[in-house]
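Student:
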Amino acid sequence: MTIHRREERLQLVQLHHNDTSDDITDDSAVRVLSRSYDDDEPDLFWRTISLFTVAFVFAVAIVFSPQLNGVLHVRKSNSEGIHHQSQKQHVFGNGKNHTAKYTQPQPPSAPSNTNKRDRIRLQQIENYKRGNALLLNIHITHHAGTTVCEAMKSIGPTPENACNMGSEWPVNVTKSRPWTFDETAPNALELRKYYHMISWEHGIVPKIPLEDVDWENPHLVSMIVMKDPIDRRLAGDGGIIRKYGKEEGRTMEQWHGFAADTTYVNFMLTRLTPDACGKEGENTTIECLENAKALLERITFVLDVECLSDGMDALAQQLGFAPPNLRKGKSHPSAKERIPEEVIYDLLLKRNRRDIELYEWSKGLSLVNCSEVDPYED
Numbered sequence: 001m002t003i004h005r006r007e008e009r010l011q012l013v014q015l016h017h018n019d020t021s022d023d024i025t026d027d028s029a030v031r032v033l034s035r036s037y038d039d040d041e042p043d044l045f046w047r048t049i050s051l052f053t054v055a056f057v058f059a060v061a062i063v064f065s066p067q068l069n070g071v072l073h074v075r076k077s078n079s080e081g082i083h084h085q086s087q088k089q090h091v092f093g094n095g096k097n098h099t100a101k102y103t104q105p106q107p108p109s110a111p112s113n114t115n116k117r118d119r120i121r122l123q124q125i126e127n128y129k130r131g132n133a134l135l136l137n138i139h140i141t142h143h144a145g146t147t148v149c150e151a152m153k154s155i156g157p158t159p160e161n162a163c164n165m166g167s168e169w170p171v172n173v174t175k176s177r178p179w180t181f182d183e184t185a186p187n188a189l190e191l192r193k194y195y196h197m198i199s200w201e202h203g204i205v206p207k208i209p210l211e212d213v214d215w216e217n218p219h220l221v222s223m224i225v226m227k228d229p230i231d232r233r234l235a236g237d238g239g240i241i242r243k244y245g246k247e248e249g250r251t252m253e254q255w256h257g258f259a260a261d262t263t264y265v266n267f268m269l270t271r272l273t274p275d276a277c278g279k280e281g282e283n284t285t286i287e288c289l290e291n292a293k294a295l296l297e298r299i300t301f302v303l304d305v306e307c308l309s310d311g312m313d314a315l316a317q318q319l320g321f322a323p324p325n326l327r328k329g330k331s332h333p334s335a336k337e338r339i340p341e342e343v344i345y346d347l348l349l350k351r352n353r354r355d356i357e358l359y360e361w362s363k364g365l366s367l368v369n370c371s372e373v374d375p376y377e378d
C-alpha cells in the first residue's frame, strides 16, 4: 500500500473519532483500518482480473508475432514502394525530367553478354544525343555506304568526301583507319566537335584489324550495313568491268573467270577478320567465321540492306533525329536470275559459303528484321 493510501486511511480514522474523542488509540485505528481494507476487496478483485487480461493478451501476441511481423513487413514494403514511385525519375536525351512508372524490381538474373551489350549500347546512345559520341559507319564497299552518307548529311555535319574525309579534318586526328584501342576515345571526341558522323570505307583489307578498335567505348556509336554476298558480288565497279566486261554483255568464259576470281571471295570476312582469313574460299575455317561474328556483336547497330529504309528509320528513332529520306536504289532481279548458268551460281555459293553464313546469322542482330517488313509498303 502506498504512502498516499495510508494517509487516506488515517484520515478516515480521524473523521470516525471526531464525534467521540480527540485521541486516537491504536486499537481504534486498527478497527477502522480493517474496515477500510475490507472496503478495498472489490478493487483488488478487478486489479487481479486486469492483470490476468494483460497476461493473456501478451501471450496471444507472442504466439501470433510471426504473422504480425509479416503484415507489418508487407505494409512497410508497400509504403516504401509508394514513396519510391513518387520519387523515381528518368532524364531523357532532351534534358527534361519525366516521372517513370515504377515497377516492382525483379530478382537479379545471372549476368549475360546480351545484358552487357545492351548496357554499353544505351550509354553510347545517350552520349550521342548529348553530343559526346561520334557515329561511325563501317562501310564495306557496295554495302550502301553512299546512300547512308547522303542520309546522314541531312541530319548534321559530315565529312564532304563520301563521309570519309573532309577539309575540316582536325590536324591532331589521324587519317589512318582503323584506330587502335587507345586512339579510339580521343579521336572520337575530337571529331565530334566537327561532325556527328563519319564513315570508314573498306574496299581493301584494313592494315589494322577492326577488332583492335575500342568498339565498347562510350564515346563511339558504330554501325554496319550487311548485304547478301552474291548480290554484292554482282555489284559492278570499274575493276570488275575492266576484267570481265559488263554483266549484260559478259561471255561464258568471262562468267567462269568471274566466279573463279579469288579477289572478291568472302569479301566481308576478309575485311572484318584478322589476317583476311576468308580468302581461303570454301576452305575458310569455322574459326574465321566465329571471329567475324564476335566483331559484329561489338557493333552498336547492325542494319540489313534488304530493308535499309526501315533500318534507317529505326536508327533515327534510337539516336533521336528525324528519319532521313533515302534515295531509291536500283531494283534488280535475284542473283540466280542474273547468272546465266546454274553451275556458275553454285560455284559462287560454294566459294562464298562462309560469307553467306555470316550474312544469314547477322539477321539476328539486325535493328529491323526484314522478313517482317511488308515489301509492298511505300
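Residues in the sequence shown are numbered consecutively from 1, following UniProt numbering.
Yeah, the Cβ is synthetic: ideal placement off N, Cα and C, and Gly gets one too.
#1: Which residue's Cα is closest to the Cα of D310: E372, K227, L135?
#2: Can you grab the Cα-Cα spacing for the pair T284 / R338, in whole Å?
#3: Secondary structure at residue 379, three-state DSSP: helix, strand or coil?
#4: Spell out the partners DSSP gives M223 in its beta bridges.
#5: Sort R130, K116, Q254, D355 by Cα distance to L272 and report the nearest one.
#6: Looking at M226 and D304, is the spacing between their C-beta atoms short of 7 angstroms?
#7: According to DSSP, what are the bridge partners of I198?
#8: Within its chain, find whatever has a CB closer than 7 angstroms to the CB of L68; leave out the 5 residues flanking it on each side and keep chain order.
#9: Between E247 and the rest of its own chain, which residues show a CB-CB distance below 8 angstroms, the 5 nearest in sequence each way excluded?
#10: Enumerate in chain order the residues of its own chain whose CB-to-CB distance from T146 is below 7 angstroms, with the five nearest sequence positions on each side excluded.
#11: Kindly indicate which residue of S154, K293, F301 has the alpha-carbon position closest to the one of V221.
#12: When we look at the beta-carbon of M252 and count the other beta-carbons within 10 Å, is it buried (16 or more) or exposed?
#13: Less than 6 angstroms between C-beta atoms, sequence neighbours within five positions excluded: which residues of the same chain meet that for T25?
#14: With R354 as the anchor, note down where its alpha helix (DSSP H) starts and where it stops.
#15: Provide the residue span of the alpha helix (DSSP H) that contains L289, from first to last.
#16: So for N127, helix, strand or coil by DSSP?
#17: Out of D374, G364, M312, state which residue places its alpha-carbon closest to the alpha-carbon of I155.
#18: Do V148 and N132 come within 7 angstroms of each other at the CB atom, strictly closer than that value?
#19: Return helix, strand or coil for C370, following the three-state DSSP convention.
#20: Please list, in chain order, all residues of the same chain as L347 whose beta carbon is under 6 angstroms from its beta carbon, the five residues on each side excluded.
#21: What whole-angstrom Cβ distance do V213 and T174 have, given they're in contact under 8 angstroms?
#22: CB-CB under 6 angstroms to P206, same chain, minus the five flanking residues each way: which ones, in chain order?
#23: Where does N164 fall in DSSP's three states?
#24: Hey, residue 388 and L295 are a contact pair by Cβ (cut 8 angstroms); roughly how many whole angstroms apart?
Tutor: Based on what the coordinates show:
#1: Of the listed residues, the one whose Cα sits closest to D310 is E372.
#2: Roughly 26 angstroms separates the two Cα atoms.
#3: Nothing about residue 379 can be read from this structure; the chain reaches only from 1 to 378.
#4: Answer is N137, F301, bridged to M223.
#5: Minimum Cα distance to L272 is reached at D355.
#6: Cβ atoms of D304 and M226: closer than 7 angstroms.
#7: In the DSSP output, where bridge partners are listed per residue, I198 has L136.
#8: Summary for L68: the model assigns pLDDT 41, below 50, so the residue's position carries little reliability; its value from the coordinates is reported in the next sentence. Answer for L68: no residue qualifies.
#9: Cβ neighbours of E247 beyond the five flanking positions: L234, G236, R338.
#10: Taken in chain order, the residues that qualify are A162.
#11: Closest by alpha carbon: F301.
#12: The residue is exposed, with fewer than 16 neighbouring Cβ atoms inside 10 Å.
#13: Only weak support exists for where T25 lies, its pLDDT of 43 falling under 50; the coordinates are left without a value.
#14: Its alpha helix (DSSP H) spans residues 353 to 362.
#15: It spans 286 to 296 - the alpha helix (DSSP H) in which L289 sits, taken as one unbroken run.
#16: Helix at N127.
#17: Checking every option, the nearest Cα to that of I155 belongs to M312.
#18: N132 places its beta carbon 7 angstroms or farther from that of V148.
#19: Helix at C370.
#20: Beyond the five residues adjoining it in sequence on each side, L347 comes within less than 6 angstroms, by CB distance, of A259 in the same chain, given in chain order.
#21: Not quite, the Cβ-Cβ distance comes to about 13 angstroms (not below 8 angstroms), so this is no contact.
#22: Taken in chain order, the residues that qualify are P178.
#23: Looking at N164 - three-state DSSP - the assignment turns out to be coil, as it is neither helix nor strand.
#24: The requested residue 388 is not part of the displayed model; the chain covers only 1 to 378.
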